[in-house]
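Chemist:
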Amino acid sequence: MESTSWFDDYEYEKNILTTDEVLEMIKAAVDNKQPYSLARFGHGEIAELSWDTNPYFSYLMEYYRDYAGITKPAGEIKPQLIEAWKTATTCGVLPSWEDKTGAEKSIPIFKNINSIPTSLCSAFINYEIHEKELFWRILKKQKVIIVGRRASQAEPIFKAKGVSVVGTVGLNNIEELEKAYQTLIANDEWQIAILSAGIPATILAPQLANSTKRIALDIGHALDLIIDGSSFNFETLVKDYNDKKLES
């Protein structure tokens, strides 16, 4: 099937995996010692990919860019996001039944990329993956490294759940991506990398998994939910982050 027609009439949505199915894929990768990456293409990624074709949507998302880790001019990271789409094991997308507008804005982008991912899931997997018993069962049997702005906050929580955390790597924005990548590939100890770093995590997950032959999961706000629990509030996190930047 042509990849462009695959996105007509939401045909691709028939192939969207459930969270449980994604976790079974991760478990199989662990059991078979195969690389696996999860990269999610949510609103921020779609805004960056459509900056030249849908500038108004990119403008609407401008407020969130810094928080999402994008400190470069619009368009500069588009090639990296396209590469992530083409090389990730599982790509998270915005399903029409969860976000019709997001799906409508995504489809022209995916058609232009002209590549069918190996597998698909909902980009909103990050709101439930951490609630699954299998997620923690997988992690408890592996050596885990946590990557992102709140990695050090998450470390003691993961350890309290019985996860062997062998380190954390800070990743605040796209400017720090290469340094984080080099740090991670130089570390032979970890087996699963848990990434929560906005758009840089989308780029990093497949890059890291494919180069190390290990597992890299972009879980996004799942890390915030693990840390904050019921008090998690995305808009508050963004506002606090932007306010601190203005003060500095």
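For any residue, its number in this note's numbering is found by taking its place in the sequence shown, counting from 1, and adding 132.
The beta carbon of each residue, even a glycine, is placed where N, CA and C say it ideally should be.
1. Is Met133 buried or exposed, if buried means 16 or more other CB atoms sit within 10 Å of its CB?
2. Could you spell out the range, first to last residue, of the beta strand (DSSP E) harbouring Lys275?
3. Is Thr151 helix, strand or coil when you go by DSSP?
4. Where do the ends of the beta strand (DSSP E) carrying Val301 lie?
5. Check the C-beta distance from Val279 over to Val301 and give it rounded, since I have them as a contact under 8 angstroms.
6. Check this for me: beta carbons of Ile245 and Trp268, under 8 angstroms apart or not?
7. State the CB to CB distance for the pair Gly201 and Pro338, rounded to an integer number of angstroms; the pair is presumed to be in contact (CB under 8 angstroms).
8. Do you know how far the Cα of Ile158 is from the Cα of Tyr196?
9. Using the three-state DSSP reduction, which class does Met133 fall into: helix, strand or coil?
10. Which term fits Ala235, buried or exposed, when burial requires 16 or more other beta carbons within 10 angstroms of its beta carbon?
11. What does the alpha-carbon distance come out to for the pair Lys146 and Lys376?
12. State whether the stretch 174-181 contacts the stretch 317-329, with contact taken as three or more CB pairs (one from each stretch) at a distance under 8 angstroms.
13. In chain order, what residues of the same chain have a beta carbon less than 6 angstroms from the beta carbon of Ile322, not counting five sequence neighbours either side?
Modeler: Put simply:
1. Indexing the sequence shown from 1 puts residue 133 at position 1. Model confidence at Met133 stands at a pLDDT of 47, short of 50, so the residue's coordinates are unreliable; what they give is reported in the following sentence. That one is exposed.
2. Numbered from its first residue, the sequence shown carries residue 275 at position 143. Run containing Lys275: 275-280, per the beta strand (DSSP E) assignment.
3. Locating residue 151 in the sequence shown gives position 19, counting from the first residue. In the structure shown, Thr151 sits in a helix (DSSP, three-state: H, G or I).
4. Taking the sequence shown and counting its residues from 1, one reaches residue 301 at position 169. 296-301 is the extent of the beta strand (DSSP E) around Val301.
5. One-based indexing of the sequence shown puts residue 279 at position 147. One-based indexing of the sequence shown puts residue 301 at position 169. With 8 angstroms as the limit, Val279 and Val301 qualify as a contact, their Cβ atoms being about 5 angstroms apart.
6. Locating residue 245 in the sequence shown gives position 113, where the first residue counts as 1. Locating residue 268 in the sequence shown gives position 136, where the first residue counts as 1. No; because the gap between Cβ atoms is not below 8 angstroms, this pair is not in contact.
7. Start at 1 with the first residue of the sequence shown, and residue 201 comes out as number 69. Start at 1 with the first residue of the sequence shown, and residue 338 comes out as number 206. At roughly 16 angstroms, the Cβ-Cβ gap does not stay under 8 angstroms, so Gly201 and Pro338 are not in contact.
8. For the purposes of this step, residue 196 is identified with residue 64 of the sequence shown, where counting begins at 1. For the purposes of this step, residue 158 is identified with residue 26 of the sequence shown, where counting begins at 1. Rounded to whole angstroms, Tyr196 to Ile158 spans 30 angstroms at the Cα level.
9. For this step, residue 133 is matched to residue 1 along the sequence shown. Note that Met133 scores a pLDDT of 47, beneath 50, so its modelled location is shaky and nothing firm can be said.
10. Looking up residue 235 in the sequence shown gives position 103. Ala235 sits buried, since 16 or more C-beta atoms from the chains shown fall within 10 Å of its C-beta.
11. By one-based count along the sequence shown, residue 146 stands at place 14. By one-based count along the sequence shown, residue 376 stands at place 244. Taking the straight line from one Cα to the other gives about 43 angstroms.
12. no
13. Within the sequence shown, numbered from 1, the residue matching residue 322 stands at position 190. In the sequence as displayed, the identity of residue 322 is Trp instead of Ile. The residues are Lys275, Ile277, Val298.
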